[in-house]
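Residue numbering for the sequence shown follows the working numbering, beginning at 2 and increasing consecutively.
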Amino acid sequence: MVTNQNHSFDSTSTEQEVIKYTKILAQALELDKQNAKVYSALSSENRALKKQLEDYHSQHNTLEKRVKRLERNVKSLETELEDLNECVELDECVDSETVVDLIHEIVLSLIGKKRPGQRRSSNKGAVHRRGSSDSDIDKVINMIKYQRIWKSLA
Numbered sequence: 002m003v004t005n006q007n008h009s010f011d012s013t014s015t016e017q018e019v020i021k022y023t024k025i026l027a028q029a030l031e032l033d034k035q036n037a038k039v040y041s042a043l044s045s046e047n048r049a050l051k052k053q054l055e056d057y058h059s060q061h062n063t064l065e066k067r068v069k070r071l072e073r074n075v076k077s078l079e080t081e082l083e084d085l086n087e088c089v090e091l092d093e094c095v096d097s098e099t100v101v102d103l104i105h106e107i108v109l110s111l112i113g114k115k116r117p118g119q120r121r122s123s124n125k126g127a128v129h130r131r132g133s134s135d136s137d138i139d140k141v142i143n144m145i146k147y148q149r150i151w152k153s154l155a
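Okay, structure coming up:
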């Protein structure tokens, strides 16, 4: 009988161990399932955050380019304003009648017509007129810049 008792004790303890390990295994499998769900959720969240970061990076680059362009524009306008301030200080500004006359001269020289009361001159004179019209164009451009800036400041 001793053998039966030992055997029954051994089989009972073995059954209890099997049950214990089965429970542990079941818990481990359940934890594994939970971990898989959490991993999946975190992976999805990670992908969404990566996409969002890429979008923000793209927007940042676009905004950076815009800022650089605006800085260049501001610098250009500051330069124009300085030029106009010098023009005002030196009293070199041109009135609107002078601008109209200059534009009229430029248009006539561009289409090759002579002004009333003006004779056609040789090529040498034409070169001189072209140089003069370039300076006239510069005056017109400066006047237009001056007026545009003063209008924007008003």
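Quick reminder that beta carbons are idealized off the backbone N, C-alpha and C, glycines included.
Alpha-carbon to alpha-carbon, residue j and residue i
i	j	result
S14	K51	54 angstroms
E87	E55	48 angstroms
T99	Q53	59 angstroms
T23	S59	53 angstroms
K140	E79	19 angstroms
L85	I150	9 angstroms
Y57	R67	15 angstroms
S77	Q148	16 angstroms
I25	N36	16 angstroms
Cβ contact (3+ pairs, closer than 8 angstroms) linking the segment 103-110 and the segment 44-55: no
Segment contact, 8 angstroms Cβ cut-off, at least three pairs: the segment 59-77 with the segment 140-151: Short answer: they don't touch.
Minimum length 4: unbroken alpha helix (DSSP H) runs contained in the segment 5-40: none
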